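Asks: As given, the protein sequences belong to chains A and B, one line each in that order.
Whatever position you read off the first sequence (first residue = 1), add 1 for this note's numbering.
Whatever position you read off the second sequence (first residue = 1), add 437 for this note's numbering.
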Amino acid sequence: MNEKIIETFNLSKEYKLKSGGKISALNNINISINKGEIFGLLGPNGAGKTTLVSILSTLIQPTSGYANIYGFDIRKKSNAKRIKRRIGLMLGDEMVYYRMTGFDNLKFFARIYRINSYNKKIKEITSNLGIHDKLGEYVSNYSRGQKLRLALSRVLLIDADILILDEPLLGLDPKTTRYLVKFLLELNKTILLTSHQMHIVRQLCDRIAFLNQGNIIKIDTQENYLKLLSEFIRISFELPDKTKRNEIEKELRSLNYINNIDNKKNEFIISISDYKFYPDLLTCLGKYPVQKVKEIEPTLDDVFIKLS
Amino acid sequence: MLTLKNLKTNLIQIYSLTVKDLKLSTRYKLEFVVECIAPLLALFFPYIIFNTLFNIKNNIFGGYYSKENFTLFLLLGNCVTVLIFLLWYYQDLFYDEKTWKTLNAIMIAPINKVNILLGYLIAGIISKSIPIIFILTLCFFLYPISLPFLLLSIIIVLCISLTFASMGFVLGVFEIVNEDISASLSVGISFISLVSCLYYPIDIFPKEIHFIIKLNPLYYYFDLLRLIWWAGINYEDAWGFITIYHFIVLATFTVISPLIASYFFLKVYSKYGTSGY
Numbered sequence: 002m003n004e005k006i007i008e009t010f011n012l013s014k015e016y017k018l019k020s021g022g023k024i025s026a027l028n029n030i031n032i033s034i035n036k037g038e039i040f041g042l043l044g045p046n047g048a049g050k051t052t053l054v055s056i057l058s059t060l061i062q063p064t065s066g067y068a069n070i071y072g073f074d075i076r077k078k079s080n081a082k083r084i085k086r087r088i089g090l091m092l093g094d095e096m097v098y099y100r101m102t103g104f105d106n107l108k109f110f111a112r113i114y115r116i117n118s119y120n121k122k123i124k125e126i127t128s129n130l131g132i133h134d135k136l137g138e139y140v141s142n143y144s145r146g147q148k149l150r151l152a153l154s155r156v157l158l159i160d161a162d163i164l165i166l167d168e169p170l171l172g173l174d175p176k177t178t179r180y181l182v183k184f185l186l187e188l189n190k191t192i193l194l195t196s197h198q199m200h201i202v203r204q205l206c207d208r209i210a211f212l213n214q215g216n217i218i219k220i221d222t223q224e225n226y227l228k229l230l231s232e233f234i235r236i237s238f239e240l241p242d243k244t245k246r247n248e249i250e251k252e253l254r255s256l257n258y259i260n261n262i263d264n265k266k267n268e269f270i271i272s273i274s275d276y277k278f279y280p281d282l283l284t285c286l287g288k289y290p291v292q293k294v295k296e297i298e299p300t301l302d303d304v305f306i307k308l309s
Numbered sequence: 438m439l440t441l442k443n444l445k446t447n448l449i450q451i452y453s454l455t456v457k458d459l460k461l462s463t464r465y466k467l468e469f470v471v472e473c474i475a476p477l478l479a480l481f482f483p484y485i486i487f488n489t490l491f492n493i494k495n496n497i498f499g500g501y502y503s504k505e506n507f508t509l510f511l512l513l514g515n516c517v518t519v520l521i522f523l524l525w526y527y528q529d530l531f532y533d534e535k536t537w538k539t540l541n542a543i544m545i546a547p548i549n550k551v552n553i554l555l556g557y558l559i560a561g562i563i564s565k566s567i568p569i570i571f572i573l574t575l576c577f578f579l580y581p582i583s584l585p586f587l588l589l590s591i592i593i594v595l596c597i598s599l600t601f602a603s604m605g606f607v608l609g610v611f612e613i614v615n616e617d618i619s620a621s622l623s624v625g626i627s628f629i630s631l632v633s634c635l636y637y638p639i640d641i642f643p644k645e646i647h648f649i650i651k652l653n654p655l656y657y658y659f660d661l662l663r664l665i666w667w668a669g670i671n672y673e674d675a676w677g678f679i680t681i682y683h684f685i686v687l688a689t690f691t692v693i694s695p696l697i698a699s700y701f702f703l704k705v706y707s708k709y710g711t712s713g714y
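1) Across which residues does DSSP place residue 237(A) in a beta bridge pair?
2) Mind listing which residues of the segment 458–477 of chain B have their C-beta closer than 7 Å to chain A's C-betas, in chain order?
3) With which residues is residue 5(A) paired in a DSSP beta bridge?
4) Keeping to the same chain, check which residues put their C-beta closer than 8 Å to that of residue 415(B); ignore five residues upstream and five downstream.
5) Report the residue from 698(B), 704(B) and 463(B) whose alpha carbon sits nearest the alpha carbon of residue 607(B).
6) Mapping the DSSP letters down to three states, classify residue 195(A) as helix, strand or coil.
7) Pair every Cβ in the segment 119–129 of chain A with every Cβ in the segment 73–92 of chain A, then say whether three or more of these pairs are closer than 8 Å.
8) Of the residues that make up the segment 505–530 of chain B, which ones have a beta carbon closer than 7 Å to any beta carbon in chain A?
9) Is residue 168(A) closer than 8 Å to residue 428(B) when the C-beta atoms are compared?
10) When the distance is taken between beta carbons, is residue 611(B) closer than 8 Å to residue 595(B)?
11) Note down, in chain order, every chain B residue with its Cβ under 8 Å from the Cβ of residue 92(A).
12) What in chain A is Cβ-close to residue 693(B), meaning under 8 Å?
13) On the DSSP letters alone, give me the boundaries of the beta strand (DSSP E) that residue 541(B) sits inside.
14) Please confirm whether residue 446(B) has its beta-carbon closer than 8 Å to some beta-carbon of chain A.
15) How big is the Cα-Cα spacing for residue 100(A) and residue 137(A)?
16) How many whole angstroms separate the CB atoms of residue 552(B) and residue 451(B), which I take to be in contact at a CB cut-off of 8 Å?
17) Taking 8 Å as the CB-CB limit, is residue 15(A) close to chain B?
18) Give me, in chain order, the residues of the same chain whose beta-carbon lies closer than 6 Å to that of residue 160(A); leave out the 5 immediate sequence neighbours on both sides.
19) Nearest to residue 110(A) by CA position, among 455(B), 643(B), 499(B) and 520(B), is which residue?
20) Can you check DSSP and say which residues form a bridge with residue 15(A)?
21) Here's a check: name, in chain order, each residue in its chain whose Cβ is nearer than 8 Å to the Cβ of residue 23(A), leaving out the five neighbours to either side.
22) I need the DSSP call for residue 183(A), collapsed to helix, strand or coil.
23) Identify which residue in 689(B), 625(B) and 567(B) has its Cα closest to the Cα of residue 600(B).
24) Around the Cβ of residue 528(B), are there at least 16 other Cβ atoms within 10 angstroms (buried) or fewer (exposed)?
25) At 4 residues or longer, and completely inside the segment 463–543 of chain B: list those alpha helix (DSSP H) runs for me, N to C.
26) Between the alpha carbons of residue 500(B) and residue 565(B), how many angstroms are there, rounded?
27) Three or more C-beta pairs closer than 8 Å, one from the segment 67–76 of chain A and one from the segment 140–153 of chain A: is that the case here?
28) Pull up the distance between the alpha-carbon of residue 263(A) and that of residue 240(A), whole angstroms please.
29) In this structure, does DSSP put residue 397(B) in helix, strand or coil?
30) Does the beta-carbon of residue 468(B) have 16 or more other beta-carbons within 10 angstroms, so that it is buried, or is it exposed?
31) Going along the chain, which residues of its own chain have a beta-carbon closer than 6 Å to the beta-carbon of residue 505(B), five neighbours each way excluded?
32) Any beta carbon of chain A sitting closer than 8 Å to that of residue 545(B)?
33) Span of the beta strand (DSSP E) holding residue 222(A)?
34) Could you pull out every residue in the same chain whose Cβ sits closer than 7 Å to the Cβ of residue 59(A), ignoring the five residues on either side in sequence?
35) Of the choices 235(A), 203(A) and 236(A), whose alpha-carbon is the least far from that of residue 221(A)?
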């Protein structure tokens, strides 16, 4: 049986507005994350991802509901130290001092986390992340990718069981992204990851929760999310000939098995509900000088748009 | 239970926090040097004004201010001004730590929050120590006193730094939870500090409002610092102005202000957390 490391029970958070009212940032959130799982938290800006992360990392308290981390209730002050030892929080490339060198940053955090023999550990982690040679420089001189690697080194140095990573790979070049994705996959840690980069989530996460306006819309595996969209088959094609575009659109709209037609310049995307309509559709398209006809694989972006 | 191992761990954490803050404040060396020198430059005009006034009449203000001691009092006032800057030191520091989100990184570490405050406190006082040592050396060079009086003066300076650091913490926590309140408090506290007879004697104010000034604990701090140093030079002239209230206020507020400030900081922070970033 999977060991549940993080569990939330009707977790809610409200903020008071200056005007006197209240705004609900999270509403009755119920999630559970298993040991060793990489759990993705997806949602548009303002969905409540950072609020949830802040509560789980003990930075703020929920208004109602509660969460258990390793069975310890986060609301109890007596549990704070036990929980804090087990959590490593990374908020993008922040939480490091730009006015200090990379090494001084890591040394400082190692000391306040009471880590023995930190020099060896720092060398090992930063060598793996490819920033060991930069450690003597001020962080303000680092590139964004190097800052992110340093921020990740800080989290790995404290050797937490649970990593909470808020937008850990935002704004990186593809090569660095690929490297860090592989690195995170090989860590074998329980990871709660928030992002709105679908390709990152797709590569990393076992399960994904969609959060919108403080509510969990759905929690499921990637495969099941994609099945959501498989009720429709989407086909794209191009029609460079301007004069024929209105004509083909009119004819397609007359076909009752076509659910949707999107047209942007010379590109058309249509949805059909079954493959049995394919021959008829191709016959119809064959009457026009269409190009690049292909079926579009559903992506998490589509799920994201559909759910949010 | 406090074991030797725990004590060692706590000391390491406090030391690390102190070193970190000192590294941050000395990152830009020239900026740091300017911050040390700038308060002394502020003495230039008061010196000219006071010198002119005392040339007109030696006992122009009444009280114990005279042509012989006003330079010393200006320097000691300047020493306190450097310590008043602790208010903005903490305000800036907590603002920076909030925006860099490093405060979050520290607060989620398994570290006693009192250690965090002690680290900030020691770093703040050390960061102001260079100009303080320089000014006190200058005072000693111009107005030499015996060791007991010097030690007593240094103790009073430490008491003043603790009190201003405490007030800095109050400003700092509001910088974290609500910058509007912090800005208003900052103006209020600096106004109170500046109308505490920092550079001038109470006698320049009309007698009717002396009781208002004497309600302000800071007045006793600054008055006592001047009087103790002056007593080291001219005991008879100064001693008559020192009262038991000076010592009672100094001792009481030096002890209670850090305690209240720490309690207030931790209460407000845990209730409201970081806001705005």
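Ideal placement from N, C-alpha and C gives every residue a C-beta, glycine not left out.
On a predicted model such as this, the values are computed, not experimentally measured, just so you know.
Replies: From the atom records:
1) Residue 237(A) sits at position 236 when you count from the first residue of the first sequence. Under the DSSP definition of a beta bridge, residue 237(A) partners with 270(A) and 295(A).
2) Under the 7 Å Cβ criterion, the segment 458–477 of chain B contributes 460, 461 and 464.
3) Numbered from its first residue, the first sequence carries residue 5(A) at position 4. DSSP lists 35(A) as partners of residue 5(A).
4) Given a span of 438 to 714 for chain B in the structure shown, any question on residue 415(B) remains unanswerable.
5) Position 170 of the second sequence, counted from the first residue, corresponds to residue 607(B). Looking at the Cα atoms, 698(B) is the closest of the given residues.
6) What you label residue 195(A) is simply residue 194 of the first sequence in a count that begins at 1. Note: residue 195(A) maps to strand in three-state DSSP.
7) No: the two stretches stay apart, fewer than three of their Cβ pairs being nearer than 8 Å.
8) Answer in chain order: no residues at all.
9) Here chain B comprises residues numbered 438 to 714, so residue 428(B) is not present and cannot be evaluated.
10) As a first step, residue 595(B) must be located in the second sequence, where it is residue number 158. As a first step, residue 611(B) must be located in the second sequence, where it is residue number 174. The answer is no: Cβ separation not under 8 Å.
11) The residue you call residue 92(A) lines up with position 91 of the first sequence. Simply 538 and 541.
12) One-based indexing of the second sequence puts residue 693(B) at position 256. The premise fails here: residue 693(B) is roughly 25 Å from chain A at the closest Cβ pair, so nothing lies under 8 Å.
13) If you number the second sequence from 1, residue 541(B) lands on position 104. No beta strand (DSSP E) holds residue 541(B); the alpha helix (DSSP H) holding it covers 539–544.
14) Translated into the one-based positions of the second sequence, residue 446(B) becomes position 9. For residue 446(B), the nearest beta carbon of chain A is closer than 8 Å to its own beta carbon.
15) Residue mapping note: residue 100(A) aligns to position 99 of the first sequence, counting from 1. Residue mapping note: residue 137(A) aligns to position 136 of the first sequence, counting from 1. Annotation: residue 100(A) to residue 137(A) spans about 12 Å, alpha carbon to alpha carbon.
16) The sequence position of residue 552(B) within the second sequence is 115, counting from 1. The sequence position of residue 451(B) within the second sequence is 14, counting from 1. In this structure residue 552(B) is in contact with residue 451(B), their Cβ atoms being roughly 5 Å apart against a cut-off of 8 Å.
17) Here residue 15(A) refers to the residue found at position 14 when the first sequence is read from its first residue. So, not an interface residue.
18) Taking the first sequence and counting its residues from 1, the one referred to as residue 160(A) is at position 159. No residues qualify anywhere along the chain.
19) Along the first sequence, one-based indexing puts residue 110(A) at 109. Nearest C-alpha to residue 110(A): 455(B).
20) Numbered from 1 along the first sequence, position 14 holds the residue referred to as residue 15(A). In DSSP, residue 15(A) forms a bridge with 25(A).
21) Counting from 1 along the first sequence, the entry for residue 23(A) is found at position 22. Excluding sequence neighbours, residue 23(A) sits near 15, 16 and 17.
22) Translated into the one-based positions of the first sequence, residue 183(A) becomes position 182. Residue state, collapsed to three classes: helix.
23) On the second sequence, position 163 is the one that residue 600(B) refers to. Distances from the alpha-carbon of residue 600(B) to those of 689(B), 625(B) and 567(B) put 689(B) closest.
24) To locate residue 528(B), count along the second sequence from 1; it is residue 91. Only buried fits residue 528(B), as 16 or more other CB atoms lie within 10 angstroms of its CB.
25) Entirely contained in the segment 463–543 of chain B, the alpha helix (DSSP H) runs reaching 4 residues are, in chain order, 466–478, 481–493, 507–521 and 523–537.
26) Locating residue 500(B) in the second sequence gives position 63, counting from the first residue. Locating residue 565(B) in the second sequence gives position 128, counting from the first residue. Distance from the CA of residue 500(B) to the CA of residue 565(B), rounded to the nearest whole angstrom, comes to 31 Å.
27) Using a C-beta cut-off of 8 Å, the segment 67–76 of chain A makes no contact with the segment 140–153 of chain A, since fewer than three inter-stretch Cβ pairs fall below that distance.
28) Numbered from 1 along the first sequence, position 262 holds the residue referred to as residue 263(A). Numbered from 1 along the first sequence, position 239 holds the residue referred to as residue 240(A). Residue 263(A) and residue 240(A): Cα-Cα distance of roughly 13 Å.
29) Outside the shown range of chain B (438 to 714) lies residue 397(B), about which nothing can therefore be said.
30) The residue you call residue 468(B) lines up with position 31 of the second sequence. Label assigned to residue 468(B): exposed.
31) Residue mapping note: residue 505(B) aligns to position 68 of the second sequence, counting from 1. Counting only Cβ-Cβ distances below 6 Å, and skipping sequence neighbours, we find nothing.
32) Sequence index remark: in the second sequence, residue 545(B) carries index 108 (1-based). Yes, contact with chain A.
33) To locate residue 222(A), count along the first sequence from 1; it is residue 221. That run of the beta strand (DSSP E) goes 216–222.
34) In the first sequence, counting from the first residue as 1, residue 59(A) sits at position 58. Around residue 59(A): 75, 81, 84 and 85.
35) Position 220 of the first sequence, counting from 1, holds the residue named residue 221(A). Proximity to residue 221(A) across 235(A), 203(A) and 236(A) peaks at 203(A), based on C-alpha coordinates.
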